[in-house]
Structures are given as structure tokens and as C-alpha cells.
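So the sequence shown is numbered by the numbering used here: it starts at 785 and just counts up by one. Every residue, glycine too, gets a C-beta built ideally from N, C-alpha and C. Please read these numbers as outputs of a predicted model, since none were measured by experiment. Notes to accompany the following structure.
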Amino acid sequence: MGQVLATVNMKGGVGKTTLTVNLATCLARDRQQRVLVIDLDSQISATLSLIAPQDFARLRRGRRTLSYLIDKVIRPYIPRKYETADMIVSSVCGVSGLDLLPGDIELYDEYVVSEALYKKASEGVDTKFGEVWDSFENLLVETVIASVRDRYDFILIDCAPGYNLLTRSALVASQYYLLPARPEPLSLVGIQLLQRRVEKLRAKVEPALNLDLLGIVFILSNSGGLFPSRYYNQIIERVEQDFTPDFIFQNRIPMDVNVAKAVDAFAPAVVNAPNSAGSRAFVKLAEEFVQKIAARSR
Ligand SMILES: Nc1ncnc2c1ncn2[C@@H]1O[C@H](COP(=O)(O)OP(=O)(O)O)[C@@H](O)[C@H]1O
Ligand SMILES: [Mg+2]
């Protein structure tokens, strides 16, 4: 069964999507792992980092996106043609083993969710709306991936900024979460806020969550080289006081214009500009990622 990981940070623009798609690509291409990327952000950045917009448009017209699968969980009584496996785009960017479950700009309609859950709650005996909602939230992502989990070594879920229903559901379905962060004072606050939310989720969810932080990945904010400035080091030291070194990736991702530009080619930097500093950093990070997973599984 595949390991499920969510990439989360309540802040936007910190590098969640970039990390998810580059790491996934390295795992598939360099380590022959079977990897599925799931795009849970209605901004569909992960999707458009791996396939061209015209391909996405075609999939969306055919209703071949995650939105269909979410609707299937919300309204199970409607007959359906497709399963999760039918939605998956295989070997994206020409990388064998790298698959994508495309996101959608409209992942779900909150009104439809509320209505369906209300209906369910009012039909059940002694069922409280809150309980129906919680069990829906807990099972949503798990239900979507259940039938394909054993086809993958890793399922990487790219979450939206904020802390919405889908992010919570992704965390419940995950064994680990990855936390990309910029070494800036406010991102320290963001890390702590997220940790608190996760603890709250842990207290609420039954059966007990099997979820751990795999590590914080620092995405450096400067335009300089691979070495962080003294200022970054101070901030990173502050994070190191809160987390043991095990929970911080030693490899940091430098700012590199090749990483940002890769999106134009609808391929991650590690495919589009493999020799760039950013891509080399992702390759090394993937190595550390595999070591961390192995160390934790012992
Ligand atoms: N290492 C990097 N070097 C240069 N640009 C980057 C790097 N990481 C991310 N970016 C750019 O920063 C922006 C935000 O990154 P993104 O991964 O979309 O963040 P998030 O998913 O957290 O919102 C994007 O334009 C992306 O191309
Ligand atoms: Mg993103």
C-alpha cells in the first residue's frame, strides 16, 4: 500500500506545489517509484505544472477530474460511469511511473455538500448533523484514493492554502505531511498555527490519526546562491529550537528562476531544466526524503 503524504502550509506562495511536483517527479524518474500526484487546490497549479492547459480543458469537458470523484462521495445515489482509476493521467511529462489525478477549478459546491449531508442526517436515526459532516470530511479523500492506493508507492497530495475541508480530509488520509516554508519571521507563526490545527484534528478524529510531520522544507527567499544568508540561518535556528533535527530537511531549495519558468513548459523544473541549481536541490531533497521515510518506517 502506498504511503500518502500531504503538502501543507496555510500560507500561499511558499512553494507547496513546486515541491510536490518536483519531488514526485524525482521519485518516479530517479528511483522508479510509482507516484500519484493529487491536486486538491482549485487553483489547479499542480495540474498545470504537469499537463498542458488544452489537455486539462479536454479532461474537464469530459468530466475527468477530481471534482467528479468528490461529487460521487457526496451523492453516492447517482449512477456513475467512472472510477478513480479512470481519472488518472499516466506517465505525465513522459516520466514513467508519474501519474496525476487532475484537480478542478470547481472542486465542490458547498451548497450541494450541505444539502446532501443534511439529507443524510435527517434520514438517519439519532444522527447529528455535526457527526455526519465530520465523518464525511474524514472519509472524503480516503474514499477517493482507496481503490488505487495499492498501485502506488507514494501518493502526494498538493493542498490549497488555508485550512479547508479538503486539506483536513487529506491530512486524515495521510501518514505524513510535508511543510514547505520560507525562512521568514511570519512563517514561523504559520508553522505553529498549522501544528496547532493538526493537534486539534488529532484530538477529534477517531480512530486515532496515523499522521506525522515528515519534515519542514525551507524554500529560500533570496535570489542568491545555494547558501542562506546569516539572516535565514537565524530564523532556521529558531525553528530548530522548536523541532528536533529529524523534522527539518537538511537540503534547502534555493530560489532559481528556472524553477519558476518551468511552469511555462508544463513540466517540473527537474524535467525542464535538470541541471539548474533548483533542480539539483530537488534531486538531493528526494534522496533525503527516501531516507527519512525509511528511517521512520523502521
Ligand atoms: N525554488 C524556487 N525558485 C523560484 N521560484 C519558485 C521556487 N519555488 C516556488 N517558486 C515560485 O513561487 C511561486 C509560488 O510557488 P508555489 O509552489 O505555487 O506555492 P504554493 O503552492 O505554496 O502556493 C510560483 O510562481 C513558483 O513558480
Ligand atoms: Mg499551490
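Measure the C-alpha to C-alpha separation of residue i and residue j and round it to an integer number of angstroms.
i: N1059; j: S829; result: 23 Å
i: F1027; j: G887; result: 33 Å
i: K903; j: P863; result: 18 Å
i: N780; j: S851; result: Here the chain comprises residues numbered 785 to 1082, so residue 780 is not present and cannot be evaluated.
i: L995; j: V909; result: 32 Å
i: F840; j: C877; result: 14 Å
i: S826; j: V896; result: 17 Å
i: P860; j: E915; result: 18 Å
i: L834; j: P1052; result: 7 Å
i: T804; j: K865; result: 30 Å
i: E890; j: R844; result: 10 Å
i: A808; j: L970; result: 28 Å
i: A793; j: S906; result: The question names Ala, but residue 793 in the sequence shown is Asn. If I take the Cα positions, the gap works out to 36 Å.
i: A1077; j: E894; result: It is worth fixing the name first, because residue 1077 is Ile in this sequence and not Ala. In a straight line, the C-alpha of I1077 is about 36 Å away from that of E894.
i: S931; j: L997; result: 25 Å
i: S898; j: R1014; result: 50 Å
i: L949; j: E1071; result: 32 Å
i: V788; j: K912; result: 30 Å
i: W917; j: L924; result: 10 Å
i: D855; j: S919; result: 16 Å
i: Q838; j: V879; result: 19 Å
i: S875; j: N1042; result: 22 Å
i: L820; j: R933; result: 9 Å
i: E983; j: R966; result: 22 Å
i: T951; j: D1030; result: 24 Å
i: L824; j: Y892; result: 11 Å
i: A987; j: G846; result: 40 Å
i: P991; j: L972; result: 30 Å
Determine, using beta carbons only, whether residue i and residue j come nearer to each other than 9 Å.
i: D1040; j: A1065; result: yes
i: I822; j: A954; result: yes
i: E791; j: P964; result: First, the residue type needs correcting, since residue 791 is Thr and not Glu in the sequence shown. Closer than 9 Å, so yes.
i: L977; j: L985; result: no
i: R1080; j: Y960; result: yes
i: K795; j: G1062; result: no
List the residues that DSSP assigns as beta-bridge partners of residue i.
i: D996; result: Y960
i: V873; result: L884
i: D942; result: T791, D823
i: V1001; result: P964
i: I828; result: The partner list for I828 (beta bridge, DSSP) is empty, contrary to what the question assumes.
i: I1037; result: I1003
i: L1032; result: One detail in the question is off: residue 1032 reads as Ile in this sequence, not Leu. Per DSSP, I1000.
For residue i, collect the residues of the same chain with a Cβ closer than 6 Å to its Cβ; drop the 5 residues on either side in sequence, then sort them by chain order.
i: N1056; result: A1046, A1049
i: R981; result: Y947
i: I848; result: For the sequence presented, residue 848 should be read as Arg rather than Ile. Correct list, in chain order: M871.
i: K1068; result: N1035
i: A900; result: I858, R859
i: E926; result: A957
Could you name the residues of the same chain whose beta carbon sits closer than 8 Å to that of residue i, not counting the 5 residues immediately before and after it, in chain order?
i: I1032; result: G999, I1000, F1002, I1020, V1023, E1024
i: R818; result: G786, A812, G881, D883, R935, Y936, D937, F938
i: E968; result: S1005, I1019
With a CB to CB cut of under 7 Å and the five nearest residues on each side skipped, what residues in its chain are close to residue i?
i: L853; result: T868, M871, V928
i: G1008; result: Residue placement at G1008 cannot be trusted, given a pLDDT of 48 that sits under 50; the coordinates are not used to answer.
i: V989; result: N922, V956
i: V873; result: I835, D883, L884, P886
i: V1074; result: R815
i: L962; result: L789, T791, L803, L998, G999, V1001
i: I806; result: Before going further, note that residue 806 is Asn rather than Ile in the sequence given. These residues qualify, in order along the chain: P1052, A1053, V1054, F1066.
i: Q979; result: none
At least 3 beta-carbon pairs within less than 8 Å: the segment 921 to 940 vs the segment 800 to 814: yes
Three CB pairs or more closer than 8 Å across the segment 943 to 954 and the segment 787 to 804: yes
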